[in-house]
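> One structure, as structure tokens, below. Some questions next.
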Amino acid sequence: MKVSSKGNDVKDLQLATQGQDLIEWAAREMPVLSLISKRFSSSQPLKGLRVAACLHVTSETANLMLTLKAGGADLALCASNPLSTNDAVAAALAANHNIKTYAIRGEDNDTYYEHILAALDHRPQVTMDDGADLVSVLHKARREQLGDVIGGTEETTTGVIRLRAMAEHGVLAYPIVAVNEADTKHMFDNRYGTGQSTLDGIIRSTNVLLAGKTFVVAGYGWVGRGLASRAKGHGADVVVTEVDSVKALEAAMDGFRVMKMNDAAKEGDIFVTVTGDVNVLDREHFEVMKDGAILANSGHFNSEINLKALDDMAKSVRQVRPSVQEYKMADGRRLHVLGEGRLINLAGAEGHPAAVMDMSFANQALCAEYIAKNAKSLEKKVYDVPEEIDSEVARLKLHAMGIRIDTLTEEQKKYLSSWEEGT
Ligand SMILES: NC(=O)c1ccc[n+]([C@@H]2O[C@H](COP(=O)([O-])OP(=O)(O)OC[C@H]3O[C@@H](n4cnc5c(N)ncnc54)[C@H](O)[C@@H]3O)[C@@H](O)[C@H]2O)c1
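Note that this note's numbering has the sequence shown beginning at 1285, numbered continuously upward.
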């Protein structure tokens, strides 16, 4: 890691102008964050608060950083994934906005963790995480700093699972608000954002036609639902695999073929894992996949495709397009892994469209304000986003979209809250 005199580690500060254009482009689709930013500028709810964020370093994240800065926060940012950084955006944040930024697209594992430690050198009072790596390093390697921290937020499903496990084992040292659990986050970001951007990543990486292909979606959670319906919209024959009987039933009633991965493996042309689980595509599946099969992951970690097993089984591996590795098997079949098995919507495309990140990051900004105000009364556990924040984000988004909705009349309020009235 080469930290500059200004305390940054980005690829090239000369990219700042290009990055600034990207940040401003995203801002056009982020009206909710912009409204919050205006309020923050005058009320300064985060004044002097040291915040370390470990998020995908994209143009949308940059707009969140600018909102927090407008609210008075003192910021450091590192990447939550080695392949998701936009180097131009990182340069603009460092050069134009004086935000300590430690992120380089394609950084190796050691640099990734050095960057997390550099963000922790900022001695955060609030952590903002996407996948819980920042919190995990803080609890393992920087225990002496835990006393500084008043609270944190977590962006994604996988991180929330890790943090809940920490809370259950009594090791979580400060309260966390699970931004992922807001309805205005997972119902929109995971479903519409990841649904669209995952397809975008697959198409940009391969330029394959989806129509007529057998498209296997592993996991029918929020992300899986969004992805499956979009793949169907492209004319693919969509197969779903699940381990949860209710979700599997829902997939079947939504019109998808549901089967075991062992069976799907023989049929699929394109496989996408979105489970948050490990080794969902494994040796037994690689053994039966068709020549030319495409394998991608859009779950948080690169653990869903067992790449080690695939590597052991392959006779040779070569890069055939920028984000495509071809694994040639002993029997001549070629299996193609996209984006090294990392989040394909970020590794192969630009992540979520700004319009959904507007809502996720509005939740982040309002939750940071909530922590600043309420930290003293919070316990060392994982909290859901307060309902008022969720409704406020939806209200602001509807307002920005020019959509007006009805309100309950007094008569209706009374009717809905009474048990006496019947037919
Ligand atoms: N790519 C992105 O930008 C992005 C955005 C949001 C979430 N995520 C990640 O996507 C993953 C899924 O998120 P979600 O919100 O849909 O979670 P979710 O909990 O709603 O859904 C996950 C589903 O996977 C199923 N599952 C678990 N193990 C399985 C297995 N072995 N085979 C088949 N199904 C299995 C679960 O039963 C569940 O229904 C998480 O890792 C999350 O962090 C990625």
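Glycine included, each C-beta is placed from N, C-alpha and C at the ideal position. Predicted model, so just to flag it, every value in this text is computed and none were measured.
Quick one: does the C-beta of asparagine 1474 sit closer than 6 Å to a heavy atom of ligand 1?
As a working note, residue 1474 is residue 190 in the sequence shown. Indeed, a heavy atom of ligand 1 lies less than 6 Å from the Cβ.
> Looking at glycine 1552 and ligand 1, is the gap between the Cβ and the nearest heavy atom below 6 Å?
Here residue 1552 is taken as the residue at index 268 of the sequence shown, counted from 1. Not under cutoff, so the answer is no.
> Which residues in the same chain as alanine 1549 place their Cβ atom closer than 6 Å to its Cβ, once the five residues preceding and following it in sequence are excluded?
If you number the sequence shown from 1, residue 1549 lands on position 265. So the list reads His1569, Val1572 and Met1573, once near-sequence residues are dropped.
> Buried or exposed: where does proline 1606 fall if 16 or more other Cβ atoms within 10 Å of its Cβ makes it buried?
In the sequence shown, the residue the question calls residue 1606 occupies position 322. So proline 1606 counts as exposed.
> Quick test of the definition: if touching needs 3 or more C-beta pairs under 8 Å, does the region 1622-1635 touch the region 1479-1491?
Yes, the region 1622-1635 is in contact with the region 1479-1491.
> In terms of alpha-carbon separation, which member of Gln1304, Leu1511 and Arg1426 lies closest to glutamate 1344?
The sequence position of residue 1344 within the sequence shown is 60, counting from 1. Looking at the Cα atoms, Gln1304 is the closest of the given residues.
> What runs of the alpha helix (DSSP H), each 4 residues or longer, lie entirely inside the region 1377-1457?
With a minimum length of 4 residues, the continuous alpha helix (DSSP H) runs that stay inside the region 1377-1457 are 1393-1404, 1417-1425 and 1441-1452.
> Using the rule of at least 16 other Cβ atoms within 10 Å of the residue's Cβ for burial, across every protein chain shown, is isoleucine 1320 buried or exposed?
As a first step, residue 1320 is located in the sequence shown; it is residue number 36 there, counting from the start. Buried is the call here.
> Examine ligand 1 and report whether any of its heavy atoms sits within less than 6 Å of the Cβ of leucine 1533.
Within the sequence shown, the letter at position 249 stands for residue 1533. Leucine 1533 Cβ: outside cutoff for every heavy atom of ligand 1.
> Quick check: does the Cβ of valine 1542 come within less than 6 Å of any heavy atom belonging to ligand 1?
Along the sequence shown, one-based indexing puts residue 1542 at 258. No, Cβ of valine 1542 sits at least 6 Å from all heavy atoms of ligand 1.
> Going by DSSP in three states, threonine 1468 sits in which element: helix, strand or coil?
The residue labelled residue 1468 in the question sits at position 184 within the sequence shown. The answer is helix: DSSP assigns threonine 1468 an H, G or I state.
> In this structure, how does DSSP classify phenylalanine 1555 when only helix, strand and coil are distinguished?
The count along the sequence shown starts at 1 and reaches residue 1555 at position 271. Three-state DSSP puts phenylalanine 1555 in a strand.
> Would you list the residues sitting across from arginine 1541 in a DSSP beta bridge?
Residue numbering aside, residue 1541 sits at position 257 when the sequence shown is read from its first letter. Val1523.
> Just confirm the distance between the C-beta atoms of glycine 1443 and valine 1640, as a whole number of angstroms; I'd bet it's less than 8 Å.
The residue you call residue 1443 lines up with position 159 of the sequence shown. The residue you call residue 1640 lines up with position 356 of the sequence shown. Wrong, their Cβ atoms sit about 18 Å apart, outside the cutoff.
> Is leucine 1493 buried or exposed, if buried means 16 or more other CB atoms sit within 10 Å of its CB?
Here residue 1493 corresponds to residue number 209 of the sequence shown, with the count starting at 1. It is exposed - the Cβ of leucine 1493 has fewer than 16 other Cβ atoms within 10 Å.
> By alpha-carbon positions, which one of Gln1603, Ala1300 and Met1412 ends up nearest to alanine 1462?
Residue 1462 sits at position 178 when you count from the first residue of the sequence shown. Residue Met1412 is the option with its Cα nearest to alanine 1462.
> Just to confirm, does valine 1621 get its C-beta within under 6 Å of one of the non-hydrogen atoms of ligand 1?
Within the sequence shown, residue 1621 is the residue found at index 337, counting from 1. No - ligand 1 has no heavy atom lying nearer than 6 Å to the Cβ of valine 1621.
> Please classify threonine 1691 as buried or exposed, where buried requires at least 16 neighbouring CB atoms within 10 angstroms.
In the sequence shown, residue 1691 corresponds to position 407, counting from 1. It counts as exposed.
> For glutamate 1588, count neighbouring Cβ atoms within 10 angstroms of its own Cβ and tell me buried if that reaches 16, exposed if not.
Looking up residue 1588 in the sequence shown gives position 304. Buried: at least 16 other Cβ atoms inside 10 Å.
> Please check the pair valine 1621 and leucine 1591, which I expect to be a contact at CB under 8 Å, by giving their CB distance rounded to whole angstroms.
In the sequence shown, the residue the question calls residue 1621 occupies position 337. In the sequence shown, the residue the question calls residue 1591 occupies position 307. Right, the Cβ-Cβ distance comes to about 7 Å (below 8 Å), so this counts as a contact.
> If I follow the unbroken beta strand (DSSP E) through histidine 1340, where does it start and stop?
Counted from its first residue, the sequence shown places residue 1340 at position 56. Here histidine 1340 belongs to no beta strand (DSSP E), and DSSP marks it neither H nor E.
> So what does DSSP say about threonine 1351, is it helix, strand or coil?
For the purposes of this step, residue 1351 is identified with residue 67 of the sequence shown, where counting begins at 1. DSSP places threonine 1351 in helix when its eight states are reduced to three.
> For the alpha helix (DSSP H) that leucine 1650 lies in, which residues bound it at each end?
Within the sequence shown, the letter at position 366 stands for residue 1650. Unbroken alpha helix (DSSP H) run through leucine 1650: 1638-1658.
> Quick one: Cα of isoleucine 1388 to Cα of leucine 1401, how far?
Within the sequence shown, numbered from 1, the residue matching residue 1388 stands at position 104. Within the sequence shown, numbered from 1, the residue matching residue 1401 stands at position 117. Near 15 Å, if we compare the C-alpha coordinates of leucine 1401 and isoleucine 1388.
> Once DSSP output is grouped into helix, strand and coil, what is the label at glycine 1474?
Locating residue 1474 in the sequence shown gives position 190, where the first residue counts as 1. The sequence shown places asparagine at residue 1474, not glycine. Residue state, collapsed to three classes: helix.
> Buried or exposed: serine 1701, going by 16 or more other Cβ atoms within 10 Å of its Cβ?
Position 417 of the sequence shown, counted from the start, is the residue given in the question as residue 1701. Classification for serine 1701: exposed.
> Would the beta-carbon of glycine 1510 be found less than 6 Å away from any heavy atom of ligand 1?
Here residue 1510 refers to the residue found at position 226 when the sequence shown is read from its first residue. Result no, Cβ not under 6 Å from ligand 1.
> Decide yes or no for the touch test of the region 1359-1373 against the region 1403-1411: beta carbon pairs closer than 8 Å, at least 3 of them.
At 8 Å Cβ cutoff, the stretches touch.
> Can you tell which of Leu1430, Ala1346, Val1455 and Asp1358 has the C-alpha that lies nearest to the C-alpha of valine 1666?
As a first step, residue 1666 must be located in the sequence shown, where it is residue number 382. The option with the nearest alpha carbon to valine 1666 is Val1455.
> Taking asparagine 1581 as part of the beta strand (DSSP E), name the residues at either end of that continuous run.
On the sequence shown, residue 1581 is found 297 positions in, with the first residue counted as 1. Start and end: 1578-1581.
> Spatial neighbours of proline 1670 within its chain, please: CB distance less than 7 Å, with the 5 preceding and 5 following residues excluded, ordered by chain position.
The residue labelled residue 1670 in the question sits at position 386 within the sequence shown. The residues are Tyr1654.
> Under 6 Å: does the beta carbon of glycine 1503 sit that close to some heavy atom of ligand 1?
The residue you call residue 1503 lines up with position 219 of the sequence shown. Yes - ligand 1 has a heavy atom lying nearer than 6 Å to the Cβ of glycine 1503.
> What are the start and end residues of the alpha helix (DSSP H) that includes alanine 1357?
As a working note, residue 1357 is residue 73 in the sequence shown. Here alanine 1357 belongs to no alpha helix (DSSP H), and DSSP marks it neither H nor E.
> Taking only heavy atoms of ligand 1 into account, decide whether any of them is closer than 6 Å to the Cβ of serine 1582.
Here residue 1582 refers to the residue found at position 298 of the sequence shown. Serine 1582: yes, Cβ under 6 Å from ligand 1.
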